[in-house]
Amino acid sequence: MRKNPKNFYTEFLSMKSIKDLIKITDYITDRHDTHVNHNSDNHKTIVFDNQLEIDRKLKNIINIANFHTTRIKLNRKGGKPSSPATSIMIAIPDIIGNKKISLEDITKLHNIMIKDTISKLNEIYKLNFTKNEEIKFIKDYVVSSIHYKDNNPHINIILPSIVKTFITIKKEDNKKYRTVDKILKLRLGLRKFSYHTKLLVEQNMLKMGYSLSDYVIKKVRENKKLNPMASMKQDIKEERKKQQEISTKMIEETQEEKKLNIQLKKLVKRMEIYSRRAEEELTKDREQMDLKRLEKNQRLYDKSKDKYELLRKALSSSYNNSPSLNLEPK
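In the numbering used here, each residue carries its 1-based index in the sequence shown increased by 1.
Structure below.
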């Protein structure tokens, strides 16, 4: 049997055989709620036809489906038998915004949806029905019901998959007559029809004062409250993302610091070499007693030593967090 309905959900179920058609028809028109799924105290099945009318519609659907299948066989075309009918389930939230949907409102929606669905079927598949023929089609072929309960009330509609189209012809007396034109096989689950059916549900609910947006806002907030695990998982995911960003930033900073330390060591080493060379030159000058050159080199040495000390102190204060780096002159 079909799965449990969801809020604001439209499902199309194609029936594979006549047997499926009869079973699902009996299920949705279970007016005495004898099925195990309908045993709850708050479940109520509303059927709009008596059993004789339902059986008459079933016979009409079966007859036209058998006619179509026989015609295919006579034309020697292969393939499996066509689906005799399609069941549409329109599930409605029991509460939209702060407003509970009543049995009266869902009955009103049912009546509107039956008419609008057949009109949309006529328009999309170009069946060429007049308004009277649409009404006759509903009376002869469409089986429907409401399953009303506290949680997820829903509307059930069965439509035939094999449909007669009509054409207007003129006879010699210039009078116009309507007659059968073609017998078409309709694939009702296709997006072009199912999409428009869903839109019709939302539009008609809005006209009755029920807004889908009110339901969506409330549902999202309720899911967040009722599903703390999902919220916790999202928080963990966000925290991991933050930690990953921090870790990446720390790695980048560490690599940059290593590069700067290498450059700084090279600079200090170069300055030590220059200082040692200047001291050697001074020593030579002293030994050779070249007073003028000695004074000149002494001034240069003192000047370079002062600059070296300033640079060393500045670098030491900037990189005092690098214990591996020894900036003291050798």
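All C-beta atoms in this analysis are idealised placements derived from N, C-alpha and C, irrespective of residue type, glycine included. Being a predicted model, the structure only gives us computed values, none of them experimental.
Is it the case that the Cβ atoms of residue i and residue j are separated by a distance below 7 angstroms?
i, j, result
"S103", "T30", "no"
"I23", "V144", "no"
"K171", "K177", "yes"
"T108", "L160", "no"
"S83", "K234", "no"
"T11", "T249", "no"
"V202", "I91", "yes"
"N152", "D95", "yes"
"I163", "H69", "yes"
"D141", "N61", "yes"
"P154", "I63", "no"
"N205", "L110", "yes"
"M16", "D106", "no"
So who's on the other strand from residue i, going by DSSP bridges?
i, result
"L14", "S88"
"Y161", "Looking at the sequence provided, one finds Pro at residue 161 rather than Tyr. Answer is A86."
"F167", "V181"
"H197", "None, per the DSSP bridge assignment."
"I97", "K100"
"I1", "The requested residue 1 is not part of the displayed model; the chain covers only 2 to 331."
"K186", "I163"
Take residue i as the anchor and find which of the options has the nearest alpha-carbon.
i, options, result
"I47", "N61, I184, L128 and D27", "D27"
"R179", "I139, T169 and L53", "T169"
"R188", "Y126, D106, N262 and N99", "Y126"
"L14", "M209, I136, K208 and I89", "I89"
"V181", "N129, S305, I25 and D50", "N129"
"H44", "I19, D236, E258 and Y149", "Y149"
"T131", "Q204, D21 and F167", "F167"
"K20", "H39, A66 and N40", "A66"
"V306", "E296, E273 and I184", "Here residue 306 turns out to be Lys, not Val, going by the sequence shown. If we check each option's Cα against that of K306, E273 comes out closest."
"N157", "F49, T255, E258 and K137", "F49"
"N99", "K266, L213 and I73", "L213"
"K137", "L265, K74 and K58", "K58"
"E281", "L301, Y211, K238 and K267", "L301"
"F9", "K270, Q245, K304 and L200", "L200"
"S276", "E257, E254 and K304", "K304"
"T71", "I25, S41, I184 and N38", "I184"
"Y211", "K101, N40, S18 and I73", "K101"
"A279", "Q299, E253, K242 and I237", "Q299"
Is residue i a contact residue of the ligand ZN, with contact defined as CB to any heavy atom under 6 angstroms?
i, result
"L187", "The model depicted lacks the ligand ZN and carries no ligand whatsoever."
Between which two residues does the beta strand (DSSP E) harbouring residue i extend?
i, result
"T35", "Here T35 belongs to no beta strand (DSSP E), and DSSP marks it neither H nor E."
"K45", "K45 to V48"
With respect to the alpha helix (DSSP H) encompassing residue i, which residues constitute its N-terminal and C-terminal limits?
i, result
"H39", "That residue, H39, is in no alpha helix (DSSP H); it is neither H nor E in DSSP."
"R72", "Q52 to L75"
"E134", "K132 to Y142"
"T30", "Where T30 is concerned, there is no enclosing alpha helix (DSSP H), given that its DSSP letter is neither H nor E."
Flag this pair as touching only if the segment 191-209 and the segment 121-136 have three or more C-beta atom pairs under 8 angstroms; answer yes or no.
yes
Determine contact between the segment 103-116 and the segment 31-38, defined as no fewer than three beta-carbon pairs at a distance below 8 angstroms.
no
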